[in-house]
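Peer 1: Before anything else, here's the structure in question.
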Amino acid sequence: MLNTDSPAGGDAGPATETARRRTFAVISHPDAGKSTLTEAMALQARVVDEAGVTHGKASRQSTVSDWNDVERERGISISSSALRFDFAGKVINLLDTPGHSDFSEDTYRVLMAVDFTVMLIDAAKGMEPQTRKLFDACRRLDLPVITVINKCDRPGKEPLELFDEIQDATGRTPVAVNWPVGLPSAFQGLTTPGEETYTWHEATQSGARVAREEVVEGASDERLEPGAWSAASENALLARELNGAFDDEDFTACEQTPVFFTAASSNLGVRAVMDFIAAHAPAPSPRTAVTGDDRALTADFSGYVFKVQSGMNPAHRDQIAIVRVNSGTFERGMDIRHAQSGRPLNSKYAHHLVGRGRETAALSWPGDIVGFVNVTGLKIGDTMHSGKRVEFPPMPRFNPERFRVIRLTDSSQQKRFAKGIAQLEEDGTVQVFRTPDGSPRGPVLGAVGDLQFEVVKERLRREFGVETAYDELLPYELSRPLKGPNVESLKQVFGTDLLYRPDGEVVGVFRDKWKFERALEKLPELFAD
Ligand code: GDP
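Going by this note's numbering, the sequence shown wraps up at 533, each residue one higher than the last.
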């Protein structure tokens, strides 16, 4: 079994343990190789084999970090799970994010729970639309970003051209930590700018082994094609001269992004990324509470729910509230409270999350991810704590852009339908509204992307046994939360309507951005932000 915890009663306290944590997510446009890199990273720590999970081509549809049936069937990552393993004396908490833009709200919540990210780019495609969007989220959250240029075993863009793209799209200076040798025709390994040697990598065919490495003299290596070494060493030096060398402070201040090259499917270059993460990536730092005060890392335990996941086990309905530890030591069975309601919570069934398996969590420290099984009443954004009360700010809600009425096709299932909708609203799968006339046809669902509607329909069928159908898309493209006693006056503006959330919040919906701008101009006092 994995042994990532210090022995209970050992003297390594939260300060020491926090310094060992590396909590991050890999972000990328779909198909850049996120699942492959995640697997390759875990492989470096040999966690894949130890957890008894098979991998390689045959199991590509169910990699260690994939979870739900829906996501396996569709071959896309919908939910977020966490993978935990030891590497070079550090505890790695790798959070999975859905790549598809329809699940960007889910991704944003995951990014709120990490300390830095790895931005994965396909060497042939460069910065893609979803990469840019995800990067913008990193910018808003002040997250340091490590850039990994993947699929180096195939023909791709010139590395220096990719550097320009990264700089233009992110505003951060890309600095070469290593440089590919043999690109684009035959990727052989990696060098460091200014060095005479390079690390030759054996390409592993199935991706199931850690690549064998050998440090060799670049100029005299006969495996390289003529000119390959001089091109690599010259370009590496040029990149260094243009953008400078890596600097820890500039990296954590989000001014630099260190760049690595990999072929994740052959495990090439992945070790260098992991070594860098262990040595240079930021450990968790104190989180700010709603009061504006930081909760010290060494204070009593606190954490917040960034994801509620259900439907993992088809045999019985279970639900896990996924929590990031923000301070102190969490010990299973300890007394903890739910900050929002003040009531005690059961901490007996807490688990670390390792892909589809669960490992019972004995002790956890800041940066760790813990799943609370079947603890009712926990919602996304909620805080739990021991000792002195603390509450962290709620998760921001995205403004939905797509709206549909969902109808029950068999009216005898009304009770289960209501329960299912409430559950899916609670775990953040979709937003639920009613119309001013009480929604006689069914509740209105609000989403950022259409795939969310499909997931709702499928989960209602699978987990709650109810069949549903959707009406046509409602004619709104934008929504904004409203405030104040006069929200009803928005209805005077042509092309706008009101929707109500279960908690009473009123949301204005607009047919297009011009109607929205007009309403904002006429009635600015109604808009919450
Ligand atoms: P994701 O959608 O970002 O999670 O991408 P996947 O990890 O599923 O990879 C998408 C495809 O690219 C799969 O067919 C992988 O086998 C392939 N792939 C991933 N990494 C590499 C790589 O380094 N080189 C090559 N040639 N293919 C890769």
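Each residue gets a CB set at the ideal place from its N, CA and C atoms; glycine is no exception.
In this text the structure is predicted, and so the values were computed from the model without any measurement.
Taking the straight line between their C-alpha atoms, what separation do you get for Glu206 and Ala268?
Peer 2: Taking the sequence shown and counting its residues from 1, the one referred to as residue 206 is at position 202. Taking the sequence shown and counting its residues from 1, the one referred to as residue 268 is at position 264. Spanning the two alpha carbons is a distance of roughly 13 Å.
Peer 1: Which same chain residues, not among the five before or five after Val327, have their C-beta less than 8 Å away from its C-beta?
Peer 2: Mapped onto the sequence shown, residue 327 falls at position 323. The residues are Gly307, Tyr308, Val309, Phe310, Ile373, Val374, Gly375, Phe376 and Met388.
Peer 1: Taking a contact to mean a Cβ-Cβ separation below 8 Å, would you say Leu349 touches Ala276 in this structure?
Peer 2: Numbered from its first residue, the sequence shown carries residue 349 at position 345. Numbered from its first residue, the sequence shown carries residue 276 at position 272. No, the Cβ-Cβ distance between Leu349 and Ala276 is not below 8 Å.
Peer 1: What does the alpha-carbon distance come out to for the pair Thr196 and Gly332?
Peer 2: As a working mapping, residue 196 is identified with position 192 in the sequence shown. As a working mapping, residue 332 is identified with position 328 in the sequence shown. Going by the C-alpha atoms only, they are around 39 Å apart.
Peer 1: Does Arg144 pass the burial test, meaning 16 or more other C-beta atoms within 10 Å, or should it be called exposed?
Peer 2: Mapped onto the sequence shown, residue 144 falls at position 140. With fewer than 16 Cβ atoms within 10 Å of its Cβ, Arg144 is classed as exposed.
Peer 1: What whole-angstrom Cβ distance do Arg113 and Val149 have, given they're in contact under 8 Å?
Peer 2: As a position in the sequence shown, residue 113 is number 109, starting the count at 1. As a position in the sequence shown, residue 149 is number 145, starting the count at 1. That belief does not hold up - the Cβ atoms of Arg113 and Val149 are roughly 18 Å apart, past 8 Å.
Peer 1: From Val394 to Arg299, what does the alpha carbon distance come to, in whole angstroms?
Peer 2: As a working note, residue 394 is residue 390 in the sequence shown. As a working note, residue 299 is residue 295 in the sequence shown. Taking the straight line from one Cα to the other gives about 8 Å.
Peer 1: Is Ala267 near the ligand GDP, judged by its Cβ being under 7 Å from some heavy atom?
Peer 2: Along the sequence shown, one-based indexing puts residue 267 at 263. Yes, the Cβ of Ala267 comes within 7 Å of a heavy atom of the ligand GDP.
Peer 1: Give the straight-line distance between the Cα atoms of Leu527 and Pro440, rounded to the nearest whole angstrom.
Peer 2: In the sequence shown, counting from the first residue as 1, residue 527 sits at position 523. In the sequence shown, counting from the first residue as 1, residue 440 sits at position 436. Between Leu527 and Pro440, the C-alpha separation is close to 20 Å.
Peer 1: Ignore the nearest five residues each way along the sequence and tell me which others in Glu109's own chain have a CB closer than 6 Å to its CB.
Peer 2: The count along the sequence shown starts at 1 and reaches residue 109 at position 105. Once the five neighbours on either side are set aside, the close Cβ partners of Glu109 are Phe402 and Val452.
Peer 1: Is it buried or exposed for Gln418, if we count other Cβ within 10 angstroms and need 16 for buried?
Peer 2: Position 414 of the sequence shown holds residue 418. Label assigned to Gln418: exposed.
Peer 1: Indicate the three-state DSSP secondary structure (helix, strand or coil) for Glu229 in the structure shown.
Peer 2: Counting from 1 along the sequence shown, the entry for residue 229 is found at position 225. Residue state, collapsed to three classes: coil.
Peer 1: Should Ala36 be counted as a contact of the ligand GDP given a C-beta to heavy atom distance under 7 Å?
Peer 2: In the sequence shown, the residue the question calls residue 36 occupies position 32. Correct: Ala36 has its Cβ closer than 7 Å to the ligand GDP.
Peer 1: For the ligand GDP, any of its heavy atoms closer than 7 Å to the Cβ of Asn154?
Peer 2: The residue labelled residue 154 in the question sits at position 150 within the sequence shown. Yes, Cβ of Asn154 sits closer than 7 Å to a heavy atom of the ligand GDP.
Peer 1: So does the region 507 to 523 actually touch the region 456 to 467, counting three or more Cβ pairs closer than 8 Å?
Peer 2: no
Peer 1: When you compare each of Lys517, His355 and Leu367 to Asn378 by their alpha carbons, which one comes out closest?
Peer 2: In the sequence shown, counting from the first residue as 1, residue 378 sits at position 374. When each option's Cα is compared against that of Asn378, the closest is His355.
Peer 1: For Ser483, tell me which candidate among Asp414, Leu382, Arg505 and Gly381 has the shortest Cα-Cα distance.
Peer 2: Walking along the sequence shown from the start, residue 483 turns up at place 479. Looking at the Cα atoms, Arg505 is the closest of the given residues.
Peer 1: Indicate the three-state DSSP secondary structure (helix, strand or coil) for Val263 in the structure shown.
Peer 2: In the sequence shown, counting from the first residue as 1, residue 263 sits at position 259. Strand at Val263.
Peer 1: Give the DSSP-derived three-state secondary structure of Ser39 in the structure shown.
Peer 2: On the sequence shown, position 35 is the one that residue 39 refers to. DSSP places Ser39 in helix when its eight states are reduced to three.
Peer 1: Since Pro178 sits in a beta bridge, which residues does DSSP pair it with?
Peer 2: Translated into the one-based positions of the sequence shown, residue 178 becomes position 174. Looking at the DSSP output, Pro178 bridges to Thr261.
Peer 1: Taking 8 Å as the cut-off, decide whether the C-beta atoms of Ile281 and Leu138 are in contact.
Peer 2: Your numbering for residue 281 matches position 277 in the sequence shown. Your numbering for residue 138 matches position 134 in the sequence shown. By the CB criterion at 8 Å, Ile281 and Leu138 fall outside the cutoff.
Peer 1: If you measure between the beta carbons of Val263 and Val181, is that distance less than 8 Å?
Peer 2: Reading the sequence shown from its first residue, position 259 is the one you call residue 263. Reading the sequence shown from its first residue, position 177 is the one you call residue 181. Yes, the pair counts as a contact, with Cβ atoms nearer than the cut-off.
Peer 1: Beta-carbon within less than 7 Å of Ala240's beta-carbon, same chain only, minus the 5 sequence neighbours each way: which residues are those?
Peer 2: Taking the first residue of the sequence shown as position 1, residue 240 is located at position 236. In the same chain as Ala240, and ignoring 5 residues on each side of it, the C-beta atoms closer than 7 Å to its own belong to Ala180, Trp183, Thr195 and Pro197, in chain order.
Peer 1: Taking 8 Å as the threshold (C-beta atoms), are Val95 and Arg25 in contact?
Peer 2: In the sequence shown, the residue the question calls residue 25 occupies position 21. In the sequence shown, the residue the question calls residue 95 occupies position 91. For Arg25 and Val95, yes; Cβs fall inside 8 Å.
Peer 1: According to the neighbour-count rule (16 or more other Cβ atoms, all chains shown, within 10 Å of its Cβ), is Asn72 buried or exposed?
Peer 2: Position 68 of the sequence shown, counting from 1, holds the residue named residue 72. For Asn72, the predicted model reports a pLDDT of 46, less than 50, meaning its position is unreliable; a value from the coordinates is still stated below. The residue in question, Asn72, is buried, as its Cβ has 16 or more Cβ neighbours within 10 Å.
Peer 1: Taking a contact to mean a Cβ-Cβ separation below 8 Å, would you say Phe28 touches Val118 in this structure?
Peer 2: Numbered from its first residue, the sequence shown carries residue 28 at position 24. Numbered from its first residue, the sequence shown carries residue 118 at position 114. Contact flag set, yes.
Peer 1: Helix, strand or coil: how does DSSP classify Arg25 here?
Peer 2: Position 21 of the sequence shown, counted from the start, is the residue given in the question as residue 25. In the three-state reduction of the DSSP assignment, Arg25 falls in the strand class, which pools E and B.
Peer 1: Can you tell me which of the three DSSP states Arg144 falls into?
Peer 2: Against the sequence shown, residue 144 aligns to sequence position 140. Helix at Arg144.
Peer 1: Give me, in chain order, the residues of the same chain whose beta-carbon lies closer than 6 Å to that of Gln344; leave out the 5 immediate sequence neighbours on both sides.
Peer 2: For the purposes of this step, residue 344 is identified with residue 340 of the sequence shown, where counting begins at 1. If we look at Gln344 and ignore the five residues flanking it on each side, its Cβ neighbours are Asp386.
Peer 1: The beta strand (DSSP E) with Met388 in it runs from where to where?
Peer 2: Stepping through the sequence shown from its first residue, residue 388 is reached at position 384. Per DSSP, Met388 belongs to the beta strand (DSSP E) from Thr387 to His389.
Peer 1: Taking 7 Å as the cut-off, is the C-beta of Asp157 nearer than that to any heavy atom in the ligand GDP?
Peer 2: Taking the sequence shown and counting its residues from 1, one reaches residue 157 at position 153. In this structure, Asp157 has its CB closer than 7 Å to one or more heavy atoms of the ligand GDP.
Peer 1: Go through its chain and collect everything with a Cβ distance to Ala36's Cβ below 7 Å, but skip five positions before and after it.
Peer 2: Residue 36 sits at position 32 when you count from the first residue of the sequence shown. Leu124, Ile125, Asp126 and Asn154, listed in sequence order.
Peer 1: Roughly how far, in whole angstroms, is the beta-carbon of Asn271 from the beta-carbon of Ala44, given that I think they are within contact range, below 8 Å?
Peer 2: By 1-based counting over the sequence shown, the position of residue 271 is 267. By 1-based counting over the sequence shown, the position of residue 44 is 40. Rounded, the Cβ-Cβ distance is 5 Å, consistent with contact.
Peer 1: Use the C-beta contact count for Thr500: other C-beta atoms within 10 angstroms, 16 or more gives buried, fewer gives exposed.
Peer 2: What you label residue 500 is simply residue 496 of the sequence shown in a count that begins at 1. Burial of Thr500 is indicated by the presence of at least 16 other C-beta atoms within 10 angstroms of its C-beta.
Peer 1: If distances are taken between C-alpha atoms only, which option among Ser443, Leu477 and Cys258 comes closest to Arg406?
Peer 2: If you number the sequence shown from 1, residue 406 lands on position 402. Looking at the Cα atoms, Leu477 is the closest of the given residues.
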